[in-house]
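Participant: So the sequence shown is numbered by my numbering: it starts at 35 and just counts up by one. C-beta atoms are modelled at their ideal positions from N, C-alpha and C, and glycine is treated no differently.
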Amino acid sequence: MLSLYMRLYFDEDVSVEIATNLASRGFDVLTVHDAGRRHLADEAQLAFAIQEQRALVTHNRVDFELLHEQYLASQHLHFGIIIVKRRLHDEIVVRKLLSLFDSVTGEEMRNQLRYI
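(1) Would you tell me roughly how many angstroms separate the C-alpha atoms of E143 and A107, rounded to the nearest one?
(2) Three-state secondary structure (DSSP) at I157?
(3) Could you round the C-beta distance between L134 and R120 to whole angstroms and report it? I think they count as a contact, below 8 angstroms.
(4) If contacts are defined as beta-carbon pairs under 8 angstroms, then V63 and T92 qualify, I think. What distance do you get, rounded to the angstrom?
(5) Short check: CB of R71 to CB of R41, under 9 angstroms?
Given below as structure tokens:
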């Protein structure tokens with residue numbers, strides 16, 4: 035059963051400070067570093083996020099847009115991909131993620147690609 039709230043998995047290209055900020059507010063977040071999965075391929079990171087039923091947060095737009103399309107075409111499930119613009123300050127990203135939490139449930143994020 036999926037949680038009402040999104041559980042997040044942060045790719046290694048996203049600031050750990052963002053994950054720390056959200057965790058301090060009680061959100062369920064996991065970073066690539068904390069999971070011991072640094073330097074793995076994008077496919078492996080998404081597979082792990084799926085195994086953990088987490089939406090993946092990344093700056094890597096090109097690769098994860100392609101993976102999203104491949105998953106949809108093959109009718110495979112993922113728990114959401116959130117692509118963050120690279121030039122945003124951490125505090126702005128936190129605010130945008132909090133806004134997303136307020137508007138979308140974990141279940142509604144299934145197979146979704148969102149941009150913040």
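Facilitator: Well, looking at it:
(1) Indexing the sequence shown from 1 puts residue 143 at position 109. Indexing the sequence shown from 1 puts residue 107 at position 73. The sequence given here has Met at residue 143, not Glu. Our two residues, M143 and A107, have alpha carbons roughly 17 angstroms apart in a direct line.
(2) Because the chain here runs from 35 to 150, residue 157 falls outside it and cannot be looked at.
(3) As a first step, residue 134 must be located in the sequence shown, where it is residue number 100. As a first step, residue 120 must be located in the sequence shown, where it is residue number 86. Contact between L134 and R120 fails: their C-beta atoms lie close to 18 angstroms from each other, not under 8 angstroms.
(4) If you number the sequence shown from 1, residue 63 lands on position 29. If you number the sequence shown from 1, residue 92 lands on position 58. For V63 against T92, the beta-carbon gap comes to about 14 angstroms, at or over 8 angstroms, which does not count as contact.
(5) Sequence index remark: in the sequence shown, residue 71 carries index 37 (1-based). Sequence index remark: in the sequence shown, residue 41 carries index 7 (1-based). Judged by beta-carbon spacing, R41 lies beyond the 9 angstroms limit of R71, meaning their Cβ atoms are not closer than that value.
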